[in-house]
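J.: If you scroll down you'll find the structure; I have some questions about it.
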Amino acid sequence: MQATTWLKRNLHFGRIAINLSSRQLNNASLVNEVKDILARYELPGSLLEFEITESMVLHEGGAIYSNLDTFSSMGIDLSIDDFGTGHSSLVNLKRLPLNRLKIDRSFVDGLGEDPNDEAITGASIALAKQLGYKVVAEGVETEKQAEFLRQHKCDFVQGYLYAKPMLSDEVEELLIQNHPAFGKISR
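Here the sequence shown stands for residues 85 to 271, where the numbers follow my numbering.
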């Protein structure tokens with residue numbers, strides 16, 4: 085409903101990211117539920133992003149792949165969340181219909197100070213780019229971290245350096261302030 089409200093007001097917000105559990109992703113009716121919700125609110129799948137963990141896919145396998153393929157065909161972006169903290173299987177990175185890889189904050193924390201975190205983060209960015217994925221770094225809190233990520237061509241960052249979690253009203257204000265037609269939007 086919030087996405088529809090923003091779209092009607094011509095506020096462009098990118099995608100809404102939703103974390104899915106393995107239980108949800110294994111639910112046979114999830115695909116139909118998502119299709120129904122998108123139809124009810126007249127939203128394209130391209131406005132959604134589903135985040136899954138790498139260990140979820142490693143342990144669950146088969147049924148999840150079918151749902152992920154269907155979501156991808158609906159235009160929904162798929163991300164591996166908390167990359168590097170689970171039981172990584174590089175086979176899954178090439179097999180899944182992924183769009184993004186989200187580097188866990190535990191590696192971002194040491195950027196600018198810990199050479200191991202820098203090596204892992206730099207290698208993760210390079211790997212993702214070679215596979216054609218966009219990269220998101222989670223938990224960016226300092227300029228040192230942001231500079232490292234800029235130098236390594238990380239596509240997106242999120243964290244307290246830029247904004248703390250917000251309620252929808254606060255997000256809407258931010259969208260209005262950054263809208264190209266600022267001042268022309270009716271409240």
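Where is the CB? At the ideal position from N, CA and C, for every residue including glycine.
Would you call the segment 120-136 and the segment 95-108 touching, i.e. three or more CB-CB distances under 8 Å?
T.: yes
J.: In whole angstroms, what separates the C-alpha of residue 26 from that of residue 251?
T.: Residue 26 cannot be examined here, being either before or after the span of the chain that is shown, 85 to 271.
J.: Compute the Euclidean distance between the alpha carbons of residue 121 and residue 176, then round it to the nearest angstrom.
T.: Distance between the alpha carbons of residue 121 and residue 176 is about 28 Å.
J.: Using beta-carbon positions only, say whether residue 186 and residue 165 come within less than 8 Å of one another.
T.: yes
J.: Give the secondary structure of residue 112 by DSSP, where H, G and I count as helix, E and B as strand, and everything else as coil.
T.: coil
J.: Could you tell me the alpha carbon to alpha carbon distance between residue 93 and residue 123, rounded to whole angstroms?
T.: 19 Å
J.: Kindly give me the distance between the Cβ atoms of residue 178 and residue 233, rounded to whole angstroms, as I take these residues to be in contact under 8 Å.
T.: A Cβ-Cβ distance of about 24 Å is found for the pair residue 178 and residue 233, leaving them out of contact under the 8 Å criterion.
J.: Using the rule of at least 16 other Cβ atoms within 10 Å of the residue's Cβ for burial, across every protein chain shown, is residue 201 buried or exposed?
T.: buried
J.: Can you give the Cα-Cα distance for residue 112 and residue 253, rounded to whole angstroms?
T.: 34 Å
J.: Find out if the Cβ-Cβ distance for the pair residue 239, residue 220 is shorter than 8 Å.
T.: yes
J.: I'd like the span of the alpha helix (DSSP H) that includes residue 232, first residue to last.
T.: 227-235
J.: Start and end of the alpha helix (DSSP H) containing residue 200?
T.: That run of the alpha helix (DSSP H) goes 199-214.
J.: What is the C-beta distance between residue 209 and residue 237, in whole angstroms, given that I count them as a contact (C-beta under 8 Å)?
T.: 7 Å
J.: Would you mind stating whether residue 181 and residue 150 have Cβ atoms separated by less than 8 Å?
T.: Not closer than 8 Å, so no.
J.: Going by the CB atoms, is the gap between residue 105 and residue 135 shorter than 8 Å?
T.: no
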